[in-house]
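Residues in the sequence shown are numbered consecutively from 153, following my numbering. Just so it is clear, CB atoms sit at the ideal spot from N, CA and C, and this is done for glycine as well.
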Amino acid sequence: MRITFYGATREVTGSCFLIEVGERRILVDCGLIQGSPAHERHNHDPFLFDPAGVDAVVLSHAHLDHSGRLPLLIKRGFKGRIYTHHASIDLCRIMLEDAGYLHEKEAEWQNRKRERKGLEPVEPLYTRNEGRLSARQFHGLDYHETAEPVPGMSLTLHDAGHILGSAVVELGLDEGGEHRRVVFTGDLGHRGTPILRNPEPVAEADLVVMESTYGDRCHRPWSDTWEELGGIFREAREAGGNVLVPTFAVDRTQMLLYTFNRYFDDWGLGNWQIFLDSPMAIKATRVYARHGALYDTHAAAFEATHGDLFDLPNLHFTETTEASMGLNSIRAGAIIIAGSGMCTGGRIKHHLKHNVWRPETQLVITGFQAAGTLGRALVDGAHHIRLWGETVRVQAKVHTVGGLSAHADQQGLLDWYDGFRGAPPPVAVVHGEPAAQDALVAALRSRTMARSMRFGETLDLIDPGAAVAGDVP
153 MRITFYGATR EVTGSCFLIE VGERRILVDC GLIQGSPAHE RHNHDPFLFD
203 PAGVDAVVLS HAHLDHSGRL PLLIKRGFKG RIYTHHASID LCRIMLEDAG
253 YLHEKEAEWQ NRKRERKGLE PVEPLYTRNE GRLSARQFHG LDYHETAEPV
303 PGMSLTLHDA GHILGSAVVE LGLDEGGEHR RVVFTGDLGH RGTPILRNPE
353 PVAEADLVVM ESTYGDRCHR PWSDTWEELG GIFREAREAG GNVLVPTFAV
403 DRTQMLLYTF NRYFDDWGLG NWQIFLDSPM AIKATRVYAR HGALYDTHAA
453 AFEATHGDLF DLPNLHFTET TEASMGLNSI RAGAIIIAGS GMCTGGRIKH
503 HLKHNVWRPE TQLVITGFQA AGTLGRALVD GAHHIRLWGE TVRVQAKVHT
553 VGGLSAHADQ QGLLDWYDGF RGAPPPVAVV HGEPAAQDAL VAALRSRTMA
603 RSMRFGETLD LIDPGAAVAG DVP
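Rendered as structure tokens:
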């Protein structure tokens with residue numbers, strides 16, 4: 153009975169953990185490695201286990217750093233079921249097909265260069281069709297519903313409060329009279345996040361595999377974040393330019409639209425034209441609108457009195473390429489929400505090309521920016537950026553609104569951990585940059601045994617406490 157860590161170790165992305173109980177194998181998450189081009193090339197590496205030998209997959213949530221290699225896993229031989237929340241299936245239908253399309257486009261671009269050099273063409277990681285067909289293997293669950301993916305393993309999902317359908321994964325494992333309970337946080341949500349409920353506690357565990365994205369810091373209060381956003385829009389109105397908001401298609405976009413609705417008059421948003429320039433974000437917003445049963449009490453009450461959370465009088469969905477290109481002629485008065493959230497692709501790069509060199513532009517960064525991404529360079533104060541081989545001067549004012557994170561901060565992670573009853577379970581820390589992981593490990597060690605996991609490392613689940621204690625000084 154053991155767990156091996158094949159991703160999100162000493163880094164934020166690429167979540168992938170293999171559980172082995174006798175001859176049975178379950179994979180928890182199978183996510184894309186994201187970041188710099190050199191980093192992302194590792195997505196093409198062979199899996200260090202046989203995909204055909206995996207009996208089932210449990211998916212914590214739909215974000216691509218947790219789900220994005222599932223079509224590749226299937227392409228390389230996996231034939232079992234993928235267990236996840238119903239809402240995550242709806243989001244994955246959108247996200248995995250879109251990811252396949254982007255992989256096709258990347259391969260086409262690479263192959264044009266390779267052909268000129270006389271090199272053999274490369275295949276996309278997977279195609280749009282392969283992304284779409286992966287949905288056939290999904291099996292939906294509700295929160296608190298118990299399933300048996302394989303004999304001797306039980307599965308229960310708890311609301312993680314991170315994005316729609318996100319789950320804390322609780323696995324019960326039985327072998328030779330031994331029973332162990334392993335809990336994976338997936339990505340834990342930030343308490344008080346608009347629309348979503350707070351992360352649910354879990355009563356018992358023998359081992360916790362915990363994320364640490366913000367394990368080294370605490371978020372500011374929500375009230376300060378709303379005050380800052382309102383100030384940005386007032387400043388932008390006086391500056392006379394546009395506001396660019398690179399955002400993640402799932403959750404961050406919906407959070408912003410709902411918040412715009414709540415503060416529409418206070419922030420003077422009626423003075424703007426608001427454009428949601430992301431076909432995937434538009435589709436995801438429609439999924440969120442269909443799952444009102446998962447809203448928190450405040451969002452449910454708003455919906456009951458105002459209708460659709462995302463219905464703004466001056467909101468325009470720009471689904472076509474032509475409509476998106478038309479935004480480039482707008483010199484002032486536009487709030488443009490576009491992907492990708494880390495500025496690594498998508499339509500936001502075109503809007504940066506047309507606006508980031510203008511000092512009247514406001515650039516609002518609303519989420520985590522991984523090392524090596526264009527978004528991280530902008531946050532770190534880059535004076536010039538490269539877009540399609542062209543050097544562009546950065547004169548826009550860059551605002552980093554960190555309080556909008558959908559991840560729990562260090563205190564939120566510790567508070568959630570304190571919800572366990574009885575003896576505090578040991579913790580394997582994953583899904584964070586090294587400084588964040590190490591800071592969370594240090595904070596946890598006043599409560600329990602904890603360590604930061606390394607790629608390819610295996611823990612014995614018969615005695616997880618001893619295994620996790622292995623590198624404690």
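Of the residues the options, the one placed nearest residue i, counting alpha carbons only
i	options	result
residue 187	405, 216, 201, 303	216
residue 411	462, 364, 424, 271	462
residue 285	273, 233, 459, 334	233
residue 416	542, 342, 378, 392	378
residue 203	224, 196, 213, 451	224
residue 314	241, 255, 213	213
residue 308	237, 265, 536, 174	237
residue 562	499, 362, 453	362
residue 421	336, 349, 395, 434	395
residue 474	431, 449, 543, 166	431
residue 468	433, 496, 494	433
residue 164	235, 296, 191	191
residue 239	256, 318, 448, 567	318
residue 581	525, 603, 567	603
residue 329	460, 351, 614, 157	614
residue 357	403, 333, 510, 512	333
residue 343	323, 331, 325, 372	372
residue 428	300, 419, 402, 446	402
residue 337	312, 325, 528	312
residue 486	180, 189, 287, 389	389
residue 564	353, 275, 538, 549	353
residue 543	534, 551, 579	534
residue 554	514, 374, 442, 444	374
residue 596	369, 579, 272	579
Boundaries (first-last residue) of the alpha helix (DSSP H) holding residue i
i	result
residue 589	586-596
residue 582	Run containing residue 582: none; DSSP gives neither H nor E here.
residue 563	562-569
residue 454	449-458
residue 412	404-414
residue 330	Counting along the chain, residue 330 falls outside any alpha helix (DSSP H), though it belongs to the beta strand (DSSP E) covering 330-336.
residue 421	Careful: residue 421 lies outside any alpha helix (DSSP H) and carries neither H nor E.
residue 616	616-620
residue 280	280-285
residue 500	500-507
Beta bridge counterpart(s) of residue i as assigned by DSSP
i	result
residue 546	According to DSSP, which records beta bridges pairwise, residue 546 is partnered with nothing at all.
residue 490	398, 429
residue 235	210, 291
residue 469	428
residue 514	395, 549
residue 305	302, 325
residue 611	155
residue 604	581
residue 170	156, 179
Near the ligand ATP: residue i beta-carbon under 7 Å from a heavy atom
i	result
residue 390	The ligand ATP is not among the ligands present in this structure, which contains no ligands whatsoever.
First and last residue of the uninterrupted beta strand (DSSP E) at residue i
i	result
residue 162	Unbroken run through residue 162: none, as it is neither H nor E.
residue 301	298-302
residue 531	From DSSP, residue 531 is part of no beta strand (DSSP E) but of the alpha helix (DSSP H) over 526-531.
residue 322	319-327
residue 312	That residue, residue 312, is in no beta strand (DSSP E); it is neither H nor E in DSSP.
residue 537	536-539
8 Å contact criterion, which residue i and residue j should meet: CB distance rounded
i	j	result
residue 222	residue 210	So it is not a contact: roughly 11 Å between Cβ atoms.
residue 558	residue 345	6 Å
residue 162	residue 586	5 Å
residue 251	residue 229	Going by Cβ atoms, the distance from residue 251 to residue 229 rounds to 20 Å, so no, they are not a contact pair.
residue 517	residue 398	7 Å
residue 348	residue 448	6 Å
residue 282	residue 173	In fact, because the Cβ distance is near 30 Å, the residues do not count as touching under 8 Å.
residue 484	residue 392	5 Å
residue 600	residue 577	7 Å
residue 526	residue 494	7 Å
residue 514	residue 551	6 Å
(request) Give, in chain order, every unbroken run of the beta strand (DSSP E) that is at least 3 residues long and sits entirely within the segment 343-382. (result) 359-362
(message) List, from N- to C-terminal side, the beta strand (DSSP E) runs of 3 residues or more that fit wholly inside the segment 172-221.
(response) Those beta strand (DSSP E) runs which fall completely within the segment 172-221 and span 3+ residues are 176-180, 208-210.
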